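The next block holds one structure in the form of structure tokens; read it before the comments.
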Amino acid sequence: QQLREGRKAIEQASTELELQQQLLKECLGNLTYEELQQKVQLAGRVSAQQVQSGEFDYRSVLEELAQLQGKLSTMEQLQRPIGEIMEEQQALQESCRQYQKTLDAIALAKERLQKVSGEIRKDLTPQLGERLSRITARLTDGKYTKVLLSRDLHIRLEEPKNHQLVPLTALSRGTMDLIYLAMRMEL
Numbered sequence: 328q329q330l331r332e333g334r335k336a337i338e339q340a341s342t343e344l345e346l347q348q349q350l351l352k353e354c355l356g357n358l359t360y361e362e363l364q365q366k367v368q369l370a371g372r373v374s375a376q377q378v379q380s381g382e383f384d385y386r387s388v389l390e391e392l393a394q395l396q397g398k399l400s401t402m403e404q405l406q407r408p409i410g411e412i413m414e415e416q417q418a419l420q421e422s423c424r425q426y427q428k429t430l431d432a433i434a435l436a437k438e439r440l441q442k443v444s445g446e447i448r449k450d451l452t453p454q455l456g457e458r459l460s461r462i463t464a465r466l467t468d469g470k471y472t473k474v475l476l477s478r479d480l481h482i483r484l485e486e487p488k489n490h491q492l493v494p495l496t497a498l499s500r501g502t503m504d505l506i507y508l509a510m511r512m513e514l
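Throughout, our numbering is defined as the position within the sequence shown, counted from one, plus 327.
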């Protein structure tokens, strides 16, 4: 669950980074952030020579300055620093790697436990069946003398007269409970 949440957070951070970069390109056009700052600073400086020669159009410069300041202000307000987003993305990726390592370790432990459990069951099932057969013969007054256990410990009883296998669930509730109790005690 945590791994999925981490991956989702990475995707969100990546999407946010892409949107921020797209917004930055739209606001700046072909200018970089630094070029835009320089342009704002230069637009505020006018030389006396430009004013005297008539090269200076005060209104257009003020309009351009206002536009540039507006773009710069909008960018600063809307834009989360790209470095911050990238750091968050890297941290989230590292978290995902750690979660994946944990999941891999859990999967390996599960696999080994299942293998060991299978080996134990394989070794103990025949012994348990023999013990349970002796107890069942006494509990049923010899009606069922042999108990067969499957690998997943499902119980079947063999009728000695016709050698037919009977599932435990076919017996009376009391007999079934006694055999289950005997099995638990033998385990």
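Just so you know, even glycine gets a beta-carbon here, dropped at the ideal spot from N, CA and C. A quick note: this is a predicted structure, and the numbers were derived from the prediction, not measured.
Tell me the DSSP secondary structure of residue i in three-state form.
i	result
P487	coil
K470	coil
L480	coil
L451	helix
L475	strand
L459	helix
Taking the alpha helix (DSSP H) that residue i belongs to, which residues open and close that run?
i	result
L508	R500 to E513
I believe residue i touches residue j by the beta-carbon criterion, under 8 Å. Please report the beta-carbon distance rounded to the nearest angstrom.
i	j	result
V443	L459	Contact doesn't hold; Cβ gap of about 23 Å is too wide.
I447	A509	That belief does not hold up - the Cβ atoms of I447 and A509 are roughly 20 Å apart, past 8 Å.
L288	L484	The structure shown does not extend to residue 288, since the chain is modelled only from 328 through 514, so no value can be given for it.
I412	Q339	Between Q339 and I412 the Cβ distance is about 10 Å, and since that is not below 8 Å, they are no contact.
Q416	I337	6 Å
G456	L476	5 Å
What first and last residue would you give for the beta strand (DSSP E) that runs through residue i?
i	result
L492	L492 to P494
Those runs of the alpha helix (DSSP H) which lie wholly inside the region 407-448 and span at least 4 residues: For the region 407-448, not a single whole alpha helix (DSSP H) run of length 4 or above is found.
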